[in-house]
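In the numbering used here, the protein residues as written are 136 to 361.
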Amino acid sequence: MSLKENLDRIKQQLAPHKVTLVAVSKTHPAEKIQELYDLGQRHFGENKVQELVEKYEVLPKDIKWHLIGHLQTNKVKYIAPFVHLIHSADTVKLIQEIEKQGAKNSRVIDCLLQIYIANEETKFGMDEAEAEAFLTSSIYADLKNVRICGLMGMASNVDDENQIRAEFVGLKKFYDKLKTQYFANKPEFEILSMGMSGDYMMAIEEGSNMVRVGSAIFGEREYFKL
Ligand SMILES: *Cc1c(COP(=O)(O)O)cnc(C)c1O
């Protein structure tokens, strides 16, 4: 399957829904991103800061770059000037650093709170209590250069569809609760980023409006090859 065929197929599946497709281009060369760009794709996601910056520098400047992977505080400064959306705001300390770098760059940086929904040790994210503690804190109230625009979650890496679905349902429920309780007057809180290549249609059924799709567009990532 070509990139175009993969993109067309996925866009066709998403068409009946109001969903933003983030093409996850990590490990893939800039030429492939350019190929998708030429087909009209504008949202791309990367999980490593250095790779994101290198691609930003050589590719068209109207690409909307999403940082989807764990972000270290000391690397925020490299992406602060241009990043479109940080999906992985997972600690208060990180959000404070994004605030600082947003101010330095005279911009408001849109972020999603990454919520831990998986039944695994290895995934990053806040739990529900941490997220609510943050939203009721003065640190949150005082933010000027960070805008919290929604939530991101990653389901467990398992074959059990019922478990994955239950994790998506749980995140949607929490998203709805936060929207009512903390964001009633903030229309920018409107993004629920959940779903990857293996589960994006299920995520959409359960309320996702932003999917992060890598291998279903690009094929397998290089580092999976022997
Ligand atoms: C790599 C990655 C994806 C995309 O994974 P695929 O299974 O290739 O679609 C989505 N979200 C995050 C956070 C990722 O790191």
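Where is the CB? At the ideal position from N, CA and C, for every residue including glycine.
Remember, it's a predicted structure, so these values are computed and weren't measured experimentally.
Checklist entry - Looking at Gly349 and ligand 1, is the gap between the Cβ and the nearest heavy atom below 6 Å? => result True, at least one ligand heavy atom lies under 6 Å from that Cβ.
Checklist entry - Which partner residues of Arg347 appear in the DSSP bridge assignment? => result Bridge partners of Arg347: Val157.
Item to check | Status (buried if at least 16 other CB within 10 Å, exposed otherwise) for Ala268 | outcome: Looking at its Cβ environment, which holds fewer than 16 other Cβ atoms inside 10 Å, Ala268 is exposed.
Next on the checklist: Taking 6 Å as the cut-off, is the C-beta of Ser273 nearer than that to any heavy atom in ligand 1?
Outcome noted: No, since every heavy atom of ligand 1 falls outside the 6 Å radius drawn around the Cβ of Ser273.
Item to check | Secondary structure of Gln176, DSSP reduced to three states | outcome: In the displayed model, Gln176 falls within coil according to three-state DSSP, outside both helix and strand.
Checklist entry - Comparing the CB of Asn141 with every heavy atom of ligand 1, is any distance shorter than 6 Å? => result Not under cutoff, so the answer is no.
Item to check | Limits of the alpha helix (DSSP H) - the one that Met337 falls within | outcome: Looking at the DSSP string, the run of the alpha helix (DSSP H) that includes Met337 is 335–340.
Checklist entry - Looking at the structure shown, is Asp197 part of a helix, part of a strand, or coil, going by DSSP? => result If DSSP states are grouped into helix, strand and coil, Asp197 belongs with coil.
Checklist entry - What are the start and end residues of each continuous alpha helix (DSSP H) run of 4 or more residues lying completely inside the segment 227–275, in chain order? => result Taken in chain order, the whole alpha helix (DSSP H) runs of length 4 or more contained in the segment 227–275 are 227–239, 263–270.
Item to check | Endpoints, alpha helix (DSSP H) assigned at Gly305 | outcome: Counted as a single uninterrupted DSSP element, the alpha helix (DSSP H) harbouring Gly305 occupies residues 296–317.
Next on the checklist: Using a Cβ-based criterion (distance less than 6 Å to any ligand heavy atom), does Met136 qualify as near ligand 1?
Outcome noted: Outside the cutoff, so no.
Checklist entry - Given that a residue counts as buried once 16 or more other Cβ atoms are within 10 Å of its Cβ, and exposed if not, what is Gln185? => result Gln185 is exposed by the Cβ-count criterion.
Item to check | Member of Ile214, Ile203, Thr208, Ala150 whose CA lies at the smallest distance from the CA of Glu189 | outcome: Ranking the options by Cα distance to Glu189, first place goes to Ile214.
Checklist entry - Using the C-alpha atoms, what's the distance from Lys314 back to Glu166? => result So the two alpha carbons sit approximately 39 Å from each other.
Checklist entry - Going by the CB atoms, is the gap between Gly180 and Arg347 shorter than 7 Å? => result Yes, these two residues count as a Cβ contact at 7 Å.
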